[in-house]
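Engineer:
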Amino acid sequence: MAIIVQKFGGTSVADAEKIRQAAQRAIKAVKDGFQVVVVTSARGKQTDQLIADALALNPSPPEREMDQLLSTGEQQTVSLFAMALDAAGYDAISFTGAQIRMITDSDYTKARIKSIDAERIHKELNKGRIVTVAGFQGIDENENITTLGRGGSDTTAVALATALGAQECEIYTDVDGIHTADPRIFEKAAKIDRITYDEMLELASLGAGVIYTRAVEFGKKYDIEIHVRNSSKQIEGTIITHEVPQMEGVVVSGATVQKDMAKVGLVNVDNKPGNAAKIFSHLANAKVIINDIMQTEVSAEKANLSFTIGISDLPAARKAIEQIKKDINCEGVFIRDDIAEISVVGVGMRTHYGVADKMFGALAEAQVNIDSITTSEIRISCVVNKDQAEKALKAVCNAFELDKPAEQRGR
Ligand code: ADP
Ligand code: ASP
Ligand code: MG
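If you count by numbering that gives the first Met the number 0, then the sequence shown holds residues 0 to 410, one letter each, in order.
#1: With a threshold of 8 Å on Cβ separation, who are the neighbours of V344 within its own chain once the five nearest residues in sequence on each side are excluded?
#2: For the segment 280-288 against the segment 307-325, are there 3 or more C-beta pairs whose distance is under 8 Å?
#3: Any chance the CB of G236 is under 7 Å from a heavy atom of the ligand ADP?
#4: How would you write the range of the beta strand (DSSP E) that F94 sits in, first residue to last?
#5: Taking a contact to mean a Cβ-Cβ separation below 8 Å, would you say T155 touches S11 in this structure?
#6: Can you tell me whether R183 is buried or exposed? The criterion is at least 16 other CB atoms within 10 Å of its CB, across all chains shown.
#7: For a test of the three-state rule: what should DSSP assign to A261, helix, strand or coil?
#8: Do V354 and S371 come within 8 Å of each other at the CB atom, strictly closer than that value?
#9: Would you decide whether Q233 is buried or exposed? Buried here means 16 or more other CB atoms lie within 10 Å of its CB.
#10: Could you tell me the boundaries of the beta strand (DSSP E) in which K109 lies?
#11: Around the Cβ of E169, are there at least 16 other Cβ atoms within 10 angstroms (buried) or fewer (exposed)?
#12: Is L304 helix, strand or coil by DSSP?
#13: Going by DSSP, what residues sit across from V346 in a beta bridge?
#14: Evaluate L54 with the Cβ neighbour count: other Cβ atoms within 10 Å of its Cβ, from every protein chain shown; 16 or more gives buried, anything less gives exposed.
#15: Return the residue from the list T373, A1, D14, L49 that minimises the CA-CA distance to D31.
#16: From the DSSP output, in three-state form, read off I50 for me.
#17: Taking R366 as the reference, give the member of S342, V346, V395 with the closest Cα.
#18: With a threshold of 16 other CB atoms inside 10 Å of the CB of N274, please say whether the residue is buried or exposed.
#19: Once the 5 residues before and after D14 are set aside, which same chain residues still bring their CB inside 8 Å of it?
#20: Here's the rule: buried if 16 or more other CB atoms are within 10 angstroms of the residue's CB, otherwise exposed. What is H351?
#21: Pair every Cβ in the segment 213-222 with every Cβ in the segment 263-270, then say whether three or more of these pairs are closer than 8 Å.
#22: The ligand ASP heavy atoms versus the CB of A24: any closer than 7 Å?
#23: Compare the Cα-Cα distances from A391 to each of P58, S105, I341, E123 and report the closest residue.
#24: Checking the sheet assignment: what are the DSSP bridge partners for H226?
#25: For H121, list the residues DSSP reports as bridge partners.
#26: Taking the straight line between their C-alpha atoms, what separation do you get for T108 and D192?
#27: Mapping DSSP to helix, strand and coil, what is S231?
#28: Which residues in the same chain as L56 place their Cβ atom closer than 6 Å to its Cβ, once the five residues preceding and following it in sequence are excluded?
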């Protein structure tokens, strides 16, 4: 019998009625002849609430305790989901990450999955049960509870689909699928029917939070097609897959905004071999994830170097830079914690010109100042003031006609 994994995000299980509705999706899949595994997030904004609870007691909570706490949100949902299925007359059993031996490394709050024991789930499925599994969590080799990073239930779902040899992995959320931009900001954003793993990875890593980057990486590596769809509508969503027929002339496939960013500038550091290596190995040891790096030579002796990071890494970055400042003869550190990054993404950019000027023109017309610019062959990103981020995104979306499906956009 074919297996299907269905993942329901926080808003899709926010209250009893939503859980009942989601349970009906699982039941429909049973009726369609599937063995069904359900992965759920914590209800509504519960993870945010638990984080606030922790911070009220300790401004920098021990990470092990944080994971121990955050994992409880998902544990509640899976049991409630199993109860809803039972009430509807379907046999179900819930598991935490630990109970299915979802083994991860010990990197608390951003652990990576190493292995999963699929046997226990297969056994329950073969008894005719629906299995509900808590997303976002695992255990390390010493039985400590770990979590996979915000949005990590997506990863649980795709990883389980891989481990179980599932035929399908559905990600149910609160929008109709992947859009050309966040439809909560650019309301007219067009839905995308099919998108490649690579393009989705680029969009996700640049801020399209509709699916977690690691989940897409898993799907790509193990060839699991991911179907992102709306939990409250009976419509097809977006398929993330390997091959999508590329339409001639489609340059930009989407635009994103990353709001929780910071930029660190190092003024007048020594311009000599080995300095950049020193700085970034120091930051890597402090587990700071670097987004973009910009360096410019200001003289034969000196250079300015800046980099962007997620704001949650700012305390660690600040500390690391403080330690190394003297060593690199840095004359000043300049930090901005009020920035956002707007990006346009598209594989078609490889062979087309005119994308950068269209983007900059749109930002100029909207009176948005650009702090810095970075590019790759399939994206252009601009750092802007955070309070202008939404205006900037809308301007860029309009310029690239991202309200229209790809085949209807002008060339
Ligand atoms: P869930 O709780 O179901 O995991 P998330 O909040 O993590 O839901 O992800 C869904 C949200 O992602 C949407 O409500 C939407 O605001 C946001 N989003 C950002 N970029 C995009 C995009 N390109 N397409 C669709 N949704 C997007
Ligand atoms: N509950 C976790 C979060 O809010 C994981 C998830 O929803 O995927 O980030
Ligand atoms: Mg999510």
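Glycine included, every Cβ here is placed at the ideal spot set by N, Cα and C.
Structural biologist: Well, looking at it:
#1: E198, E201, L202, L205, V251, S252, G253, A254, T255, I377, R378
#2: Touching, yes.
#3: no
#4: For F94, the enclosing beta strand (DSSP E) begins and ends at 91-94.
#5: Result no, Cβ atoms of T155 and S11 do not sit closer than 8 Å.
#6: exposed
#7: Here DSSP, grouped into helix, strand and coil, assigns A261 to strand.
#8: no
#9: Exposed, because fewer than 16 other Cβ atoms sit within 10 Å of the Cβ of Q233.
#10: For K109, there is no enclosing beta strand (DSSP E), since its DSSP letter is neither H nor E.
#11: It is buried - the Cβ of E169 has at least 16 other Cβ atoms within 10 Å.
#12: strand
#13: In DSSP, V346 forms no bridge with anything.
#14: exposed
#15: A1
#16: helix
#17: Contrary to the premise, residue 366 reads as Gln rather than Arg in this sequence. Ranking the options by Cα distance to Q366, first place goes to V395.
#18: N274 comes out buried.
#19: R42, G43
#20: exposed
#21: no
#22: Sequence check: residue 24 is Arg here, not Ala. No, since every heavy atom of the ligand ASP falls outside the 7 Å radius drawn around the Cβ of R24.
#23: I341
#24: E169, I238
#25: H121 pairs with nothing; no bridge assigned.
#26: 33 Å
#27: In the structure shown, S231 sits in coil (DSSP, three-state: anything other than H, G, I, E or B).
#28: Counting only Cβ-Cβ distances below 6 Å, and skipping sequence neighbours, we find nothing.
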